[in-house]
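Just so you know, the sequences run in chain order A and B. Residue 3 is where the first sequence starts when you use this note's numbering, and the numbers rise one by one after that. Residue 108 is where the second sequence starts when you use this note's numbering, and the numbers rise one by one after that. Just so it is clear, CB atoms sit at the ideal spot from N, CA and C, and this is done for glycine as well. Owing to the predicted nature of the structure, the values given are computational and were not obtained by experimental measurement.
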Amino acid sequence: MHRSRNLLILAALSAAALASAPRLMGQGANPTIGAAAPAFTLVDTYGNEHSLADFRGDWVVLEWLNYGCPYVKKHYNSGNMQGLQEAYGAKGVKWLAIVSSAPGKQGYYEPAAMNEMNEKMGQKSLAVLLDPEGTVGRMYNAQTTPQMVIIDPEGMLLYNGAIDDKPSSRPESLEGAHNYLSAGLDEAMAGQPVSVPTTKPYGCSVKYPG
Amino acid sequence: MRFPTFLLIFCLFGPSRLLAQESTLDDPSPHSQALLISETESIRPGEPFTVGLHLRLDPGWHSYWRNPGDSGEATSITWRLPDGFRAAEIQWPVPETIPFPPLVSYGYFDEVLLLVEITPPSGLAPGDAAVLEGRADWLVCIEDCFPAEAELELALPVRDASPQLDPLHVRLFETARARLPASGSEWASFARANERFLGLRIDPPDEIGPMFEADTKSLWFFASDGDVIDHAAEQRPDWDGETLVIRLARSGFARGTPDTLRGVLATRGASAGQTGLAVEIAAPVIIAGSTDDPAAAQMAEADGAPSSGDGRSGLGLSLLFAFLGGILLNLMPCVFPVLSLKVLGFAEHADAESGAAARQGAAFAAGVLVSFWVLGALLLLMRAAGEGVGWGFQLQSPLFVGSMAVLFFLLGLALLGAFEIGLSLTRLGGLDPASARSGSSGLGRSFLSGVLATVVATPCTAPFMGAALGWAILQPPLETMVVFTALGAGMALPYVVLSLSPGLIGRLPAPGRWMETLKQLLAFPLFATVVWLAWVFGLQTGVDGLTGLLIALLLVGLLVWTMHWRRGIGRRGGAKVTSGLAAVALAALAAVALLRASRLSPAGEAVAAANSSSNLASDSDSVDWADWSPRAESEIRDAGRPLLVDFTAAWCLSCQVNERLVLSTAEVGQAFAEHGVALLKADWTRRDPEITRALAELGRNSVPVYALYPAGEGDPVLLPSVLTKEIVLEALETHVPIVSR
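Encoded structure:
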């Protein structure tokens, strides 16, 4: 009897611990490739809400963005990233750029300033989403900018990792680079399995608050 | 700033000779400077020499190691060397961990000298100067990063004389060499991989072990490749005897498991460029539970069974163990009396024609096999229906347990000679020569006795059968049935062999009075079985249920007596009818009592309480078992405590024996306390889908199973089904070392 009461208390405590766990351990959790992509809702630079669930039925790309990062600059100054955004946007892919920089850190802009930056850089994504607390970044184990994610129309995570296989900020490294994102998207949209479902992302650290 | 003062002064007021020779670059390199320097003043044809890329960083800024960690980029040199010159890989000093939660980078602050060995061609003409050129690329970060680059150029005179060390650089190169990790490639090491972790185990040489041990807490393993381990995860270095164990969480970006885990193991002192110890490690990676996994091999040896913790044991082994398990079933207390009688039947008719015996043997084997097929099919059907069942599931039904108790009671009474009807079931038709010769009915009885033997065998899961059945239940239906067939074949084998060998039958003692005595004695193992089944029934249904079963047994006793009496009264019509009606009524009443009793359930948590208190009555102080639940298990494991889960059931005899003779003894209890092992008991006496699922995850489908989880996140070790104190104590020593704090 005594033991079972202790057990009850233990159970209650563990329930409380479990309830608070997600907040405590926002890090290190890895979203599973082939499983449902973590759900999120974020506000874009125009104040519109976007939920991942809204895009059920569409292919979705997530791009972690920090305009101050030299590796991101490589892809934007060369027009590489905008080219991908435009090409896959035309195929109906919903491309969401996510900024997980904390206020005051590199890559963070107030919405109006961010719109100016987007204009200047020729941003071609569907929306630039603001994640100043880094919540969604942590959910997807976003470590670097750029980092790319592919989600299928059923909401399953198909790819998480680097944009290509040349971890360098030098513009000439784009030449001959194998682009994991476009390779994965082309395979997946043709009904094939994604042959390289994850790679170690490269670039600047995501500027999380802390 | 650990930049040597003399060098700083030198840089400010250095002689122009050096500035001419070693060119640094303008400012494509913010917050940092790079310089290519040589260890020697001159070089000699064909003789390797060492140069260094000297990176100096503004305070607070850092550059990166060969694996930059979660972000960043390793420094690289693109050489443009004169013809015939070869440059080796960069030799990297031990880096520091640079945390930016939730990320971690590996790199260097202040300054670092990256050494590169260059081999000039032997045909080089002395007198000239060799000019080494190249470009260095590095990333310099504080939190924000700047790519930096530098054009490198270094002219070195070629002389046909032993090169002299450049006094200006001696100390820099010395310091850099001291920061290189030593080679640990000779050290015995391996890493055990499961889905989430790489358990790195290293046996340092005797003279080095204590140095690491004194600084265990500060040890860090820097993986050479970026997509192998989670750089930010805790590593919890600890000692298992002389072996250093480091638990590395696998990277979320890993694709597949590497063959070799490479990296640098360093004390904090070494990685901060002070006194400390650092070694290069190259550990072969072993998939946990695979055949080349020493831990799995060890367990398989101890268990005498295939290690099925990961469901990898093959069909061949499972068949073998099912077959052996079947043979062993014959020796179980519930089966032995029944089979003994059949052997006695042979003894009595050793002179009968051998063909008849062989036919009886075949019929018996058919009975056993068909029963096992029915059992297997039943298991498959229930599995297909999504029910959480496993071997022994029959005994999770109180009605089945109660019926078995009545059956064993009847068999016992029959052996005592109280009645004759049921007894013929157990005969080979041999006790009755008429039926032996009459063919079909005798064969039918042999078939039925095979069925009976199988039914009475079900409570006695032989120790060998756990692994085989656990494997079988997770297989496609055909393979499940094949394993059940092997089990039945094993059980029928001894009897069939006997029936086919007239020579063996001839060796049995001549029939006589001893047979009657033996028969009566054999009743008592059966009554003991009744006591045990009644206890199980009581745990399942409570005191009222147990009383109901006892009333049913009482009525059955009265029924048997009535039948016996009725036979004795001859042809007295009225009494015959009355007693016949009474017998029918008694049978009906007994059935009702049993049915009603088996629907009862114990009040509240009586099952758990009764089971644990009775199991632990001998020593409740030192052994404190809590009830298992998935949550209780994850609670304990998340807290990093070692854990033993005892998967048990009241109807499992070997479970009870292990608990009484081993797990609940003072000695073992004390060991549990010393090793800080948390104890959970998963009671499978009644059906429990969660326990069935937990067993399936361990690759088992029967009890007992003893799963010992080491502290931290390692895989469980399965102890053998037959425990001794030594086995448990040794397992604790091996897998749950006492942590001295």
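query, result
"Close beta carbons around GLU837(B), own chain, < 6 Å, minus the five adjacent residues each side", "none"
"Among MET598(B), LEU656(B), ARG748(B), LEU446(B), the one whose alpha carbon lies nearest that of PHE428(B)", "MET598(B)"
"For THR147(A), the three-state DSSP class (helix, strand or coil)", "strand"
"Backbone CA spacing between LEU221(B) and HIS782(B) [nearest angstrom]", "46 Å"
"Secondary structure of ASN68(A), DSSP reduced to three states", "coil"
"Bridge partner(s) assigned by DSSP for ARG308(B)", "PHE297(B), VAL352(B)"
"Min CB distance GLY212(A) to chain B below 8 Å", "yes"
"Under 8 Å by beta carbon: chain A residues contacting PHE253(B)", "PRO72"
"Residues near PRO233(B) in its chain [Cβ-Cβ closer than 6 Å; skip 5 each side]", "VAL265, ARG266, ASP267"
"Residue closest to ALA339(B), alpha-carbon to alpha-carbon, out of VAL211(B), GLY675(B), TRP199(B), PRO189(B)", "VAL211(B)"
"Proximity below 8 Å, CB of VAL562(B) to CB of SER478(B)", "yes"
"Proximity of GLU148(B) and THR157(B) at Cβ, strictly below 8 Å", "no"
"Contact residues within the region 199-217 of chain B, judged by C-beta distance below 9 Å to chain A", "PHE207, PRO208, PRO209, LEU210, SER212"
"Contact residues within the region 103-127 of chain A, judged by C-beta distance below 8 Å to chain B", "LYS107, GLN108"
"Chain A contact residues for SER178(B), given Cβ-Cβ distances below 7 Å", "GLN145, THR146, GLY205, CYS206, SER207"
"Spatial distance of GLU250(B) from ARG140(A) (CA atoms)", "18 Å"
"Where TYR142(A) falls: helix, strand or coil (DSSP)", "coil"
"Beta-carbon spacing of PRO113(A), THR43(A) below 8 Å", "no"
"8 Å Cβ cutoff, PRO167(B) in contact with chain A", "For clarity, residue 167(B) is Gly in the given sequence; the question names Pro instead. Output row for GLY167(B): interface = no."
"Local Cβ density within 10 Å of ASN50(A), reported as buried at 16 or more and exposed below that", "exposed"
"Every unbroken beta strand (DSSP E) within the region 151-218 of chain B, with a cutoff of 3 residues, ordered by chain", "156-164, 169-176, 183-187, 193-198, 203-207, 210-216"
"Closer than 8 Å to chain B by CB, THR137(A)", "no"
"For MET191(A), the residue or residues it bridges with in DSSP", "DSSP output for MET191(A) lists no bridge partner at all."
"Straight-line gap, PRO169(A) to SER53(A) (C-alpha atoms, nearest Å)", "31 Å"
"CB contact flag (GLY191(B), PRO228(B), <8 Å)", "yes"
"Contact set between the region 160-171 of chain A and chain B, restricted to residues whose Cβ is under 8 Å from the partner", "ASN162, GLY163, PRO169, SER170, SER171"
"Top-ranked residue by Cα proximity to LEU506(B), from GLN381(B), LEU653(B), PRO317(B), GLY610(B)", "LEU653(B)"
"Backbone secondary structure at CYS759(B) - three-state DSSP", "coil"
"Inside the region 258-288 of chain B only - alpha helix (DSSP H) runs reaching at least 4 residues", "277-285"
"With 16 other Cβ atoms within 10 Å as the buried cut-off, status of MET511(B)", "buried"
"Under 8 Å between C-beta atoms of VAL392(B) and PRO365(B)", "yes"
"Chain A within 8 Å of LEU250(B), Cβ atoms only", "Looking at the sequence itself, residue 250(B) is Glu, so the reference to Leu does not match. By this cut-off, GLU250(B) is an interface position."
"Three-state secondary structure (DSSP) of ILE152(A)", "strand"
"Buried/exposed call for ALA412(B), threshold 16 Cβ in 10 Å", "At ALA412(B) the pLDDT is 35, less than 50, meaning the model places this residue with poor confidence; the figure from the coordinates comes in the next sentence. Burial call: buried."
"Alpha carbon of ASP322(B) to alpha carbon of VAL101(A), nearest angstrom", "41 Å"
"Test item: CB-CB of THR146(A) and VAL208(A) under 8 Å", "yes"
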